[in-house]
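Undergrad:
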Amino acid sequence: ALALVVGVLHYFEVSGYSRELWTLSVQEQKAVSLKTENAFYYSYYEETVLAPSVGAALGAALRDSRSEAPDTINAIRRFNIYQEIFTGLLYRALVALVGQEQLPDP
């Protein structure tokens, strides 16, 4: 019974937070609302989506100098961001196929 009560309370907490989060109108506010590690990984996805080309996106991830400055590292291997890069490239492909206006914000 206690687990059920805690589960219901957790559901209301998460749904309230999500409702507030996704009703924000500005994309930057959505990104800022992410918590530390989530924001870190989201930044690689966003960088992949917003890069001027696929080559620039991959180059930025392979030669990352912002996360462990002043060293330049391979962020894909170091932080295991394969899924963020893949998802960002998939989003870019969908934009090329159907257009930006048909897709949600990245």
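Last residue of the sequence shown? That's 103 in this note's numbering, and every number before it is there in order.
Glycine included, every Cβ here is placed at the ideal spot set by N, Cα and C.
Thinking ASN77 and LEU59 are a contact (beta carbons under 8 angstroms), I'd like their distance in whole angstroms, please.
TA: About 14 angstroms; that fails the 8 angstroms criterion.
Undergrad: Counting C-beta neighbours from all protein chains within 10 Å, is the total for ASP61 16 or more, i.e. buried, or is it exposed?
TA: ASP61 should be labelled buried.
Undergrad: Who are the near neighbours of TYR41 in its chain, counting only those whose CB is closer than 6 angstroms to its CB and skipping five residues on each side?
TA: Closer than 6 angstroms at Cβ, skipping near neighbours: ILE78, GLU81.
Undergrad: Which complete alpha helix (DSSP H) runs does the region 30 to 94 hold, if anything under 4 residues is left out?
TA: Whole alpha helix (DSSP H) segments, 4+ residues: 33 to 47, 51 to 59, 72 to 76.
Undergrad: Can we say the region 6 to 20 touches the region 42 to 50, given the rule of at least three CB pairs closer than 8 angstroms?
TA: Touching, no.
Undergrad: Would a C-beta distance cut-off of 9 angstroms place ARG75 and SER64 closer than the cut-off?
TA: Closer than 9 angstroms, so yes.
Undergrad: Does DSSP classify LEU(-1) as helix, strand or coil?
TA: Looking at LEU(-1) - three-state DSSP - the assignment turns out to be helix.
Undergrad: Would you mind working out which of LYS32, LEU55, GLN24 sits nearest THR84, comparing C-alpha positions?
TA: Out of LYS32, LEU55, GLN24, LEU55 has the C-alpha closest to the C-alpha of THR84.
Undergrad: Please confirm whether VAL51 and LEU86 have their CB atoms less than 9 angstroms apart.
TA: Result yes, Cβ atoms of VAL51 and LEU86 sit closer than 9 angstroms.
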